[in-house]
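A.B. asks: Questions regarding the structure given below will be posed in turn.
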Amino acid sequence: MWQHFFRNPRKNYNPYMEKLKDHPEYIIYDKEIMNSYKGKWNEYFKNDNPIYLEIGSGNGNFAVRNSEKNRDINHMAVELRFKRLVISAEKAQKRDLKNVVFFRRRGEQITDFIGENEITGMYINFPDPWEGKEKNRILQPNLFSNIDKIMGKGGKLFFKTDHYGYYCDVLEFMAGVDGYEVVYNTDDLYNSPKLENNISTEFEDLFVIKRSMKINYIEIEKKN
Ligand SMILES: C[S@@+](CC[C@H](N)C(=O)[O-])C[C@H]1O[C@@H](n2cnc3c(N)ncnc32)[C@H](O)[C@@H]1O
């Protein structure tokens, strides 16, 4: 698809598709290249540091802030939208970060390009709650069969949402997900001890600063 597009660009394509090419050190959009690193992402980063995966990274504020604050981890971020990927890469480039990479990929496809036990943790920040079409949500019980393949024992999933219903649904279905346990949850992150180490996202800043909304937060640990 990409080779076809870059050889025969058409006017009605999203202009940010072309711009993905300007950031080869921060954006991987070619599925074959992505898949070829499956099980070898530490070679890609040229270190043995733990790898964290973010699904739906938006404009990249969280990815950039997390990788800047924690230089001893590698941050891989999956996002669908071209413009958001380009904006994210620009932010990473400005800070000359070496421990972050953005993928143009669906979060549902993580096992295609991430190997067994390859990641130590995962972030899902403010995913679409899909009100009325909840089956489309990214975080739902069936995602755990994929998470199980790529996350090592003791690994954690960190989930934030402004949507109280989504928060309650996750707490409810987690009781039936074997091998995983909710180890922390709050419906008011900004009045909890977890605030101290919290790294905000662009949606979060909007919800908290402009709308004074409460943020719901869950940590889920892989037990075996
Ligand atoms: C509501 S935004 C939140 C962005 C960011 N996490 C934040 O908190 O500011 C959700 C993001 O997830 C992306 N997204 C939606 N479905 C996705 C999927 N299946 N795989 C990867 N990204 C997805 C969207 O393009 C969007 O940028």
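Everything in the sequence shown is counted per the working numbering, starting at 883 for the first residue and increasing by one. Where is the CB? At the ideal position from N, CA and C, for every residue including glycine. Remember, predicted model here, so these are calculated numbers, not experimental data.
With a floor of 4 residues, list each alpha helix (DSSP H) that falls wholly inside the stretch 1008–1036, ordered by position along the chain.
C.D. replies: Within the stretch 1008–1036, the complete alpha helix (DSSP H) runs of at least 4 residues are 1025–1032.
A.B. asks: So residue 1038 packs on residue 1003, CB below 8 Å; how close in whole Å?
C.D. replies: Indeed they touch by this definition, with Cβ atoms about 5 Å apart.
A.B. asks: Take residue 1019 and list the residues in its own chain whose beta-carbon comes closer than 6 Å to its own, dropping the five residues that flank it on each side.
C.D. replies: Excluding sequence neighbours, residue 1019 sits near 1012.
A.B. asks: Can the beta-carbon of residue 927 be found closer than 8 Å to that of residue 981?
C.D. replies: Taking 8 Å as the Cβ cut-off, residue 927 and residue 981 qualify as a contacting pair.
A.B. asks: Exposed or buried, residue 998, counting other C-beta atoms within 10 Å across all chains shown (16 or more means buried)?
C.D. replies: Under this definition residue 998 is an exposed residue.
A.B. asks: By Cβ distance, which residues of its chain are closer than 6 Å to residue 965, with the 5 residues on each side in sequence left out?
C.D. replies: Excluding sequence neighbours, residue 965 sits near 898.
A.B. asks: Report back the beta-carbon spacing between residue 1048 and residue 936 to the nearest angstrom; my notes put them in contact at under 8 Å.
C.D. replies: Not a contact, Cβ separation roughly 17 Å.
A.B. asks: Would you check whether ligand 1 has a heavy atom nearer than 7 Å to the C-beta of residue 963?
C.D. replies: Yes, ligand 1 has a heavy atom inside 7 Å of this Cβ.
A.B. asks: Please identify the residue among 995, 902 and 959 whose C-alpha is closest to the C-alpha of residue 915.
C.D. replies: Checked all of 995, 902 and 959; the closest Cα to residue 915 is 995.
A.B. asks: Would residue 1042 and residue 1098 be called neighbours here (beta carbons separated by less than 8 Å)?
C.D. replies: In contact: residue 1042 and residue 1098 (Cβ atoms closer than 8 Å).
A.B. asks: Are three or more beta carbon pairs between the stretch 1029–1036 and the stretch 952–963 nearer than 8 Å?
C.D. replies: The stretch 1029–1036 is not in contact with the stretch 952–963.
A.B. asks: How about residue 896 and residue 944: are their beta carbons less than 8 Å apart?
C.D. replies: No, these two residues do not count as a Cβ contact at 8 Å.
A.B. asks: Determine the DSSP secondary structure at residue 1086, reduced to helix, strand or coil.
C.D. replies: Reduced to three states, the DSSP call for residue 1086 is helix.
A.B. asks: I'd like to check one pair, residue 1044 with residue 1095: are the Cβ atoms closer than 8 Å?
C.D. replies: In contact: residue 1095 and residue 1044 (Cβ atoms closer than 8 Å).
A.B. asks: At a cut-off of 7 Å, would you count residue 1044 as near ligand 1, judging by its Cβ distance to the nearest heavy atom?
C.D. replies: Answer for residue 1044: no, Cβ out of range of ligand 1.
A.B. asks: I'd like the list of long-range same chain contacts for residue 954, defined as Cβ closer than 6 Å, with 5 residues on each side in sequence excluded.
C.D. replies: Cβ neighbours of residue 954 beyond the five flanking positions: 931.
A.B. asks: Beta carbon of residue 966: closer than 7 Å to some heavy atom of ligand 1?
C.D. replies: The answer is yes for residue 966.
A.B. asks: What residue range is occupied by the uninterrupted beta strand (DSSP E) comprising residue 935?
C.D. replies: 933–937 is the extent of the beta strand (DSSP E) around residue 935.
A.B. asks: Please report how far the alpha carbon of residue 1110 lies from the alpha carbon of residue 977, in whole angstroms.
C.D. replies: Past the edges of the chain, shown from 883 to 1106, lies residue 1110, and the structure says nothing about it.
A.B. asks: Since residue 909 and residue 923 should fall inside the 8 Å C-beta cutoff, what is the C-beta to C-beta distance between them, to a whole number of angstroms?
C.D. replies: 15 Å between Cβ atoms; not a contact.
A.B. asks: List the endpoints of the continuous alpha helix (DSSP H) containing residue 972.
C.D. replies: Note, residue 972: alpha helix (DSSP H), 964–976.
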